[in-house]
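Going by full-length UniProt numbering, 116 is the number at position 116 of the sequence shown; the sequence numbering is gapless.
Even glycine gets a Cβ: it sits at the ideal position worked out from N, Cα and C.
This structure is a prediction, so every number in the text was calculated from the model and none was measured.
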Amino acid sequence: MVIEVGYRESPRSLHGLAPFYLSPRTTIMIYLAIKIYPVRTHYPGRKPMVAMLYQRSSQTHNIPTRMISFGNAPLDNRVVNYFLGIGVNVTGVGIPGAPPCNTPNIPTYQLQIPAAEIFNRTPFILPTINFDLDLWEIQDRVLRP
């Protein structure tokens, strides 16, 4: 598993790394890209954040299987529209019907990562076991270091 955290990189540049990490020349099964934006001037003290999960086991492994906006401010519409345009289902903060990411254990902000893929399909790990990453925990650490 590879985790990239982008502060200066754009979501598109992080997305552009998926073909490299999940190429036939690697054995990487999972790529998790997390983009943490700077505070926006029109949202004082608030930061958009987004997590994009890529899985080699997906038929379209260069497209995120999950994309979750989890900051305390919404993503820019241009980012959302770009990913919607390539077939990604964007969920979370700023998306109609999504709850705010303001406390732990909200189901919308739980990123389930298959344990078998983390450990490169080790036969002793049941395929139903997941590593659950609560994105609120990341948001909390970024906003309150």
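Using beta-carbon positions only, say whether residue i and residue j come within less than 9 Å of one another.
{"i": "V50", "j": "G16", "result": "no"}
{"i": "T26", "j": "N120", "result": "no"}
{"i": "G92", "j": "T108", "result": "yes"}
{"i": "N89", "j": "W136", "result": "no"}
{"i": "I34", "j": "V5", "result": "yes"}
With a CB to CB cut of under 8 Å and the five nearest residues on each side skipped, what residues in its chain are close to residue i?
{"i": "T65", "result": "L53, Y54, Q55 and S58"}
{"i": "D76", "result": "P48"}
{"i": "L143", "result": "K47 and N72"}
{"i": "I118", "result": "M1, M29, I30 and F131"}
What residues in its chain sit with their C-beta under 6 Å from that of residue i, if we drop five residues either side in the sequence?
{"i": "L32", "result": "I3 and L53"}
{"i": "V39", "result": "K47"}
{"i": "Y7", "result": "I36"}
{"i": "P19", "result": "N62"}
When you compare each of the options to residue i by their alpha carbons, which one comes out closest?
{"i": "I30", "options": "V39, V79 and L111", "result": "L111"}
{"i": "P11", "options": "Q139, M1 and Y82", "result": "Y82"}
{"i": "D45", "options": "E9, P74, M67 and A18", "result": "Position check: residue 45 holds Gly in this sequence, whereas Asp was assumed. Looking at the Cα atoms, P74 is the closest of the given residues."}
{"i": "S69", "options": "Y43, I113 and A98", "result": "A98"}
{"i": "Q139", "options": "N102, F20, M67 and S13", "result": "N102"}
{"i": "F131", "options": "F20, H42, R78 and I113", "result": "I113"}
Residues in its own chain within less than 7 Å of residue i by CB, not counting five upstream and five downstream?
{"i": "L22", "result": "I28, Y31, Y54, R56, H61 and N62"}
{"i": "L84", "result": "V90"}
{"i": "G87", "result": "I63"}
Looking only at DSSP bridge pairs, what is residue i linked to?
{"i": "S69", "result": "V50 and G92"}
{"i": "Q112", "result": "D132"}
{"i": "G87", "result": "Answer by DSSP bridge pairing: none, since G87 is not bridged."}
{"i": "I3", "result": "L32"}
{"i": "Q55", "result": "I30"}
Is residue i a contact residue of the ligand HEM, with contact defined as CB to any heavy atom under 8 Å?
{"i": "T60", "result": "Of ligands this structure carries none, so the ligand HEM is not represented either."}
Kindly say whether residue i, judged by its beta-carbon, lies nearer than 9 Å to any beta-carbon of chain C.
{"i": "R40", "result": "Structure shown: chain C not included; a single protein chain is present."}
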